[in-house]
Structures are given as C-alpha cells and as structure tokens.
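Enquirer: Please find one structure pasted underneath; my questions will follow.
Chains as they are written, first to last, in this note's numbering: chain A, 6 to 311; chain B, 3 to 350.
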C-alpha cells in the first residue's frame with residue numbers, strides 16, 4: 006500500500022514490442038497447467054506421505070497376513086490315517102503356489118498388484134480437481150483464456166500420471182525393502198512395467214475426468230469413486246489370480262485394465278506366466294489409454310463451456 | 003456505416019471507433035429463463051462502459067457471452083473485430099476478464115498465479131516475469147507477491163484478479179462487479195487503477211455494477227439493464243438531464259390550499275407534483291428556480307416551511323426508467339455473503 010501512484014503508473018508499460026513472441030501453438034499452457042496440479046502435491050510432502058501409506062499398509066498387513074505359502078508347511082497339516090512325509094507336503098505346497106500365483110511368494114505377487122492399486126486410487130482423484138475448479142470459478146477463468154480446451158483436461162491427466170507413477174515407484178521400493186523377490190527384476194522389466202502403469206494411469210485419469218467434466222458437485226463425484234474403486238480392484242488379478250475366479254467374474258477381469266497392467270508387471274518383474282501375452286497386455290492398455298484420452302479431449306471441447 | 007450513425011447519436015464520440023458491437027444478444031437458459039433479452043449496444047474504443055442493474059438483471063450473463071464462456075441463444079456480437087460465435091479463440095486472445103468471484107489459485111502465490119495466466123496467454127517466461135512485476139506494482143501487491151493467496155484479504159484478492167486479467171495487455175478488459183464487497187479504501191484504489199488503464203493506456207473497459215456511485219463516478223456511458231433488457235443508455239450527463247433536471251422539495255404552511263398550478267407558472271419550472279404535505283418541483287436549473295419560487299409563494303401571501311434542492315443522481319434516473327429502486331444494500335449483502343462462502347469453501 007505504501008507504493009505511490011506515480012510509482013505504480015511508471016512501472017506499468019502497456020505498449021509492448023513483445024507481442025511478436027507470443028506462443029499461439031496448440032500445446033501452449035499444457036505444461037503450466039500440469040505443473041499447477043503437481044505443485045499442490047510436491048509442495049506438501051504430507052500429502053505424498055499420506056497417499057503412499059495406504060498401499061504400504063495393505064502390502065505390509067494384507068501381503069504378510071495372507072501367507073498362503075505356509076498353508077501346508079508351517080502347520081502340522083496332514084491327512085489323518087495317511088502319514089505323508091513332510092517333504093512331499095512341502096513339494097505339494099510349492100506346486101500349488103506355483104500353479105496358482107506363478108510364484109511361491111504371495112507377497113511378491115501382491116506387491117505388483119499394489120502398484121496397480123496405487124495408480125487406480127490416484128487416477129480416481131483426477132476428477133475431483135476439475136469439480137473444485139468449476140466451483141471456485143477457476144475453470145471459467147481458464148476458459149476465458151485462449152488455452153486449448155483439450156490442454157485443460159490433459160494437464161490434469163498428465164499431472165495425475167506423474168503423481169501416480171511417482172507413488173508407484175515408492176511403493177515398489179517399500180515392497181523390495183519388505184522382502185519382495187528381486188531375482189528377476191531387470192532394467193527393461195522395470196521400464197516395461199512403468200510403461201504399462203503409465204498407460205493405465207492415462208486411461209483411468211481421462212475416464213474419471215470425463216465423468217467429472219460437467220459436474221459441480223463433489224459429493225456425487227466421491228460417490229462415483231467409491232462405487233468404482235474396490236470393485237475395479239477386486240474384479241482384477243491384482244489380489245488374486247483371475248483364472249481361479251468364477252466364469253462371470255473372469256469376464257469382468259478380462260475387461261478390466263487393472264488386470265492387464267498387473268499382468269504385464271508380473272511377467273516383467275517376477276517372470277511369472279501371464280493370463281495374456283505381454284504383447285496383448287500392451288495392446289489392450291494402449292487402446293484403453295488412447296480411447297479415453299481421445300474421448301476426453303473431444304468431450305472437453307463440447308462440454309467444458311455451456 | 004453503423005459506427006457513424008452511432009457516433010452521430012452520441013455527439014461526444016464522433017471521432018471514436020467502435021470496438022465492440024452487440025446486436026440482439028439473447029440468452030435463454032435450459033430452464034427457459036430469459037436472462038438476457040435482445041440486448042444491443044456499441045462500446046467505443048478507450049471508454050469506460052458500464053452496465054448498471056440489480057442482481058439477476060443479466061449483467062454477468064452478458065459478460066459471459068461476450069467473453070465466450072456462454073454461447074448466445076440469439077444475436078451476435080463483434081469484439082475487437084472478431085465474431086464471438088465464429089472466432090471465439092481470437093476474441094479470447096484480445097480481451098481480459100476479471101470475474102466477480104475470487105478465482106485465483108489459493109495454493110499458489112500471487113506471482114505464481116500471474117505467471118500461470120501469462121503462460122496460458124502464450125507469453126514467454128522472461129516477458130511474463132517483467133509484466134508480472136509491473137502489474138504487481140500497479141495493483142500494489144509487489145510486497146505480497148511471494149505469499150500464498152490463501153493469506154490474502156478480500157481486497158488483495160480483488161487486486162490480484164485485476165492483475166491476472168491484465169497480463170495479456172488486452173484491448174478490452176471486462177470487469178464483473180469489480181468493487182463488490184470491498185471496503186471504501188480498496189474500492190477507491192480499484193477505481194484509480196481503472197482510470198489509469200483508460201487514461202494512460204487507452205484501454206477500453208466494460209464493467210458491470212449495481213453501485214450507482216460507481217456507474218456515476220467512473221463510467222463514461224452507462225446502460226441501465228433490468229430484467230435482461232437495456233432500458234436506457236447514454237452518458238451519465240445525458241441520463242441525468244433526461245429526468246427533467248433538478249428536484250426541489252417545497253413545504254408550505256397552508257396545507258389546505260393546492261398551489262400546484264400557481265407554482266407551475268413560475269419561470270423555468272417544468273413540472274409540479276403535490277405529495278402529501280409538500281410539492282415536488284422539477285426545473286433544469288434548481289438554484290435559479292428555487293429563489294424565484296420562494297419569492298412568488300411569499301408575494302402571494304403564503305409561508306414557506308422548508309425548501310430543499312437536489313441535483314439529479316443516477317438513483318433517480320434508475321427509479322425513473324425501471325420503476326423501482328435499486329435494492330443496493332440487500333443485493334450487496336447477499337452477494338458478499340455468497341462470496342465469503344466461496345472463500346470459506348476454498349479454505350476448508
């Protein structure tokens with residue numbers, strides 16, 4: 006307030022020669038919008054910490070509690086009357102684990118599933134920010150600028166992807182620290198896994214943003230998220246292999262992108278046989294990501310302004 | 003052609019260019035509400051044009067259509083030479099908008115907000131930084147630039163909105179209720195910035211308001227809008243002289259005599275109305291008519307109880323053309339409450 010009027014006037018130079026250098030490209034503003042969302046996250050480490058805690062707890066408690074490998078081995082399990090030797094039982098157990106999970110270690114099996122879990126849960130929140138932006142009038146302000154309508158949606162998609170991949174990386178490190186099997190992890194495998202996760206994050210973020218495009222009401226958005234999150238997780242192979250599910254549930258799992266990202270990750274990180282070929286996993290995920298991003302951009306031109 | 007006709011009608015503006023031409027603009031919402039009803043007007047380059055009207059008169063809806071946020075149901079408008087229907091993108095490049103709500107991102111600093119909008123207007127980083135500093139200086143936020151917006155007061159937020167709306171150096175700046183709910187000090191400051199923009203940079207400003215003194219003191223021309231229609235449009239001077247000049251209120255001790263026709267005979271009196279215990283007299287020049295009336299009344303043997311002279315205000319103009327008073331206080335407090343709710347939601 007201390008600034009004098011003369012000062013204020015002198016400081017403001019309207020007649021600019023810079024007009025020439027204005028970037029009118031289709032993609033201008035995309036990174037600025039992405040970074041705006043990211044700032045809210047990386048500037049508040051508590052948020053990052055909180056968002057990672059959930060999958061880590063699942064990993065630690067659920068993964069360690071569901072000690073399927075010990076079903077036969079660590080108890081005095083036997084069939085009354087038949088005195089099966091312990092070695093045979095152990096072998097049976099190993100074979101049962103291998104044929105069910107493709108690995109003898111359920112914890113490692115679940116760890117890959119948790120990577121998909123954190124992507125799913127982060128992507129779901131992508132829709133919330135557009136609801137808030139609409140409510141506070143920030144969206145209208147954006148729409149009055151010449152930034153591409155598609156960039157408004159894709160900025161949110163990209164920030165959601167970056168956030169969820171960063172979180173997945175942290176979850177993977179924690180899983181390794183907790184005893185995940187690292188014998189078969191390679192650089193290529195890691196890169197492939199994160200590519201699969203990237204595609205899934207892209208498709209899911211775009212999907213949830215689309216659902217929120219016209220909404221002004223965060224309660225209904227929360228309701229949609231709560232309706233979809235656990236079913237999408239359970240009806241996939243993230244926690245349990247889909248091949249042992251009832252036929253109707255297998256159909257759902259086969260349509261669920263979470264299954265394909267998890268499947269690709271397991272093949273690449275653990276070397277386990279997948280329920281689809283790696284090629285098909287990536288094909289499915291690419292199609293999923295492209296479809297929903299495309300539809301999302303299309304709808305944003307149509308529906309962002311009324 | 004149209005420019006010339008318009009200019010001829012408004013003598014003061016014969017040399018001005020039309021920068022915004024609105025014809026038959028109409029918005030009918032899905033619930034059949036006709037928010038804006040065939041509105042037509044022109045705005046000249048370098049003027050401050052105001053829409054004056056109560057809540058729900060269609061002011062904000064008009065701004066939203068002109069800034070391409072809403073599609074008009076009917077009618078056309080050309081803003082800075084671009085058709086708002088066919089060339090919305092070009093319109094967006096050339097105008098700036100200061101919305102009614104506080105829309106800045108609370109989690110970012112004032113400077114970061116301006117830099118973000120600069121980027122959205124495609125302004126390269128170094129130029130943006132320079133402009134941001136200049137704008138922060140203009141709206142006197144340079145010291146608070148590095149603080150998060152969530153720590154800003156209402157007045158600081160409003161000034162930040164103004165800076166964000168100026169970052170692309172627009173030809174036309176739209177301001178929706180720019181001083182709503184501000185304290186007197188900040189309101190005066192905002193008016194000063196608006197005048198600087200007009201006078202020093204030749205910017206054209208289109209603003210809406212329901213403060214009569216804002217329309218009166220700030221705007222070159224005012225359109226009075228009510229129920230989606232422009233009921234009157236002109237310079238503030240034209241509007242005021244349109245209501246028949248100054249008003250004189252005269253009280254006479256002799257209550258049982260009707261002096262209406264007697265007063266009417268006094269020179270330059272244009273109308274006399276008897277209301278209860280006093281007369282309401284109109285005359286172009288009140289300070290000359292008033293003594294003449296008093297002399298006439300006295301010389302006829304009557305006694306003057308009291309006399310008062312009021313210069314016409316937009317208030318009267320408003321009453322005259324809409325048939326009702328601008329419910330200033332009520333509308334104001336409701337809107338301010340809505341705005342505070344927004345801020346609280348943002349902070350929660």
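Built from N, CA and C at the ideal position, the CB exists for glycine as well.
Does the beta-carbon distance from residue 165 of chain A to residue 131 of chain A come in below 9 Å?
Expert: It is a contact, given that the beta carbons lie within the stated cut-off.
Enquirer: Does the beta-carbon distance from residue 212 of chain B to residue 55 of chain B come in below 9 Å?
Expert: Yes. Within cutoff.
Enquirer: Using a Cβ-Cβ cutoff of 9 Å, what residues of the region 63 to 78 of chain B are near chain A? List them in chain order.
Expert: Taking 9 Å as the Cβ-Cβ cut-off against chain A, the residues of the region 63 to 78 of chain B that qualify are 66, 69, 70, 71, 72 and 73.
Enquirer: Considering residue 131 of chain A, what are the terminal residues of the alpha helix (DSSP H) in which it resides?
Expert: Unbroken alpha helix (DSSP H) run through residue 131 of chain A: 131 to 140.
Enquirer: Report yes if the CB atom of residue 136 of chain A is closer than 9 Å to the CB atom of residue 223 of chain A, and no otherwise.
Expert: It is a contact, given that the beta carbons lie within the stated cut-off.
Enquirer: Can you check whether the CB of residue 197 of chain A is closer than 9 Å to the CB of residue 273 of chain A?
Expert: Yes, the pair counts as a contact, with Cβ atoms nearer than the cut-off.
Enquirer: Give me the chain B residues within the contact set of residue 143 of chain A, using Cβ-Cβ distance strictly less than 7 Å, ordered along the chain.
Expert: The contacting residues are 105 and 107.
Enquirer: Under 9 Å between C-beta atoms, does residue 129 of chain B make it to chain A?
Expert: So, interface residue.
Enquirer: As a quick exercise: from A/84, A/92, A/210 and A/115, pick the residue whose alpha carbon is nearest that of residue 176 of chain A.
Expert: Per the Cα distances, A/115.
Enquirer: With residue 223 of chain B as the anchor, note down where its beta strand (DSSP E) starts and where it stops.
Expert: First-last of the beta strand (DSSP E) with residue 223 of chain B: 223 to 228.
Enquirer: Who pairs with residue 20 of chain B in a beta bridge, going by DSSP?
Expert: DSSP lists B/46 as partners of residue 20 of chain B.
Enquirer: Quick one: grab the DSSP three-state call for residue 331 of chain B.
Expert: Only weak support exists for where residue 331 of chain B lies, its pLDDT of 45 falling under 50; the value from the coordinates is given anyway. Correct three-state label for residue 331 of chain B: helix.
Enquirer: Just reading off the alpha helix (DSSP H) that residue 143 of chain A is part of, what are its end residues?
Expert: Unbroken alpha helix (DSSP H) run through residue 143 of chain A: 143 to 148.
Enquirer: Which of helix, strand or coil does DSSP assign to residue 10 of chain B?
Expert: Its pLDDT being 44, under 50, residue 10 of chain B is placed unreliably in this model, and the coordinates cannot settle the point.
Enquirer: Assuming contact is defined by CB atoms lying nearer than 9 Å, are residue 237 of chain A and residue 125 of chain A in contact in what I supplied?
Expert: Yes.
Enquirer: Going by other Cβ atoms of all chains shown within 10 Å of its Cβ, with 16 needed for buried, is residue 96 of chain A buried or exposed?
Expert: Under this definition residue 96 of chain A is an exposed residue.
Enquirer: Could you tell me if the beta carbon of residue 32 of chain A falls within a distance shorter than 8 Å of some heavy atom in the ligand MG?
Expert: As far as ligands go, the structure on display features none, and thus does not contain the ligand MG.
Enquirer: Going along the chain, which residues of the region 23 to 44 of chain A sit with their C-beta nearer than 9 Å to a C-beta in chain B?
Expert: Those residues of the region 23 to 44 of chain A that come within reach of chain B (Cβ to Cβ, closer than 9 Å) are 23, 24, 26, 27, 28, 29, 30, 33, 34, 36, 37, 38, 40, 41 and 44.
Enquirer: What residue range does the beta strand (DSSP E) around residue 163 of chain A cover?
Expert: Not the beta strand (DSSP E): residue 163 of chain A falls in the alpha helix (DSSP H), residues 154 to 182.
Enquirer: Thinking C-alpha only, which one of B/116, B/70 and B/143 is nearest residue 96 of chain B?
Expert: Ranking the options by Cα distance to residue 96 of chain B, first place goes to B/70.
Enquirer: Is it a yes or a no for the region 244 to 253 of chain A touching the region 165 to 174 of chain A, going by three-plus beta-carbon pairs under 8 Å?
Expert: The region 244 to 253 of chain A, when compared against the region 165 to 174 of chain A, does not touch it at the 8 Å Cβ threshold.
Enquirer: Residue 110 of chain B versus chain C: which residues are under 8 Å apart at the beta carbon?
Expert: The structure shown contains no chain C; its protein chains are A and B.
Enquirer: From this set, B/164, B/310 and B/242, which residue's C-alpha is nearest residue 286 of chain B's C-alpha?
Expert: For residue 286 of chain B, the nearest C-alpha among the options comes from B/242.
Enquirer: Alpha carbon to alpha carbon, what distance is there between residue 160 of chain B and residue 186 of chain B?
Expert: Cα to Cα, the separation comes out at about 13 Å.
Enquirer: Can you pull the chain B residues whose beta carbon is under 8 Å from the beta carbon of residue 147 of chain A, in chain order?
Expert: Those are 122, listed as they occur along chain B.
Enquirer: For residue 150 of chain A, which residues in chain B fall below 7 Å Cβ to Cβ?
Expert: Per Cβ cutoff of 7 Å: 94, 119, 122 and 123.
Enquirer: Taking the alpha-carbon positions, what's the residue 219 of chain A to residue 273 of chain B distance?
Expert: The straight-line gap from Cα to Cα measures roughly 56 Å.
Enquirer: Quick check: the Cα distance between residue 211 of chain A and residue 303 of chain A, rounded to an integer number of angstroms?
Expert: The straight-line gap from Cα to Cα measures roughly 11 Å.
Enquirer: Between the C-alpha atoms of residue 227 of chain B and residue 100 of chain B, what's the straight-line distance to the nearest angstrom?
Expert: Going from the Cα of residue 227 of chain B to the Cα of residue 100 of chain B covers about 20 Å.
Enquirer: Return helix, strand or coil for residue 232 of chain B, following the three-state DSSP convention.
Expert: Residue state, collapsed to three classes: strand.
Enquirer: Measure the beta-carbon distance from residue 24 of chain B to residue 59 of chain B and round it to whole angstroms, keeping in mind my assumption that it falls under 8 Å.
Expert: So it is not a contact: roughly 16 Å between Cβ atoms.
Enquirer: Using a Cβ cut-off of 9 Å, pull out every chain A residue sitting near residue 99 of chain B, in sequence order please.
Expert: The answer, in chain order, is 145, 146, 149 and 150.
Enquirer: Using the beta-carbon of each residue, which ones in chain A are nearer than 7 Å to residue 91 of chain B?
Expert: The answer, in chain order, is 151.
Enquirer: Grab the span of the beta strand (DSSP E) containing residue 320 of chain B for me, first residue to last.
Expert: Looking at the DSSP string, residue 320 of chain B is not in any beta strand (DSSP E); the run it does join, the alpha helix (DSSP H), is 316 to 324.
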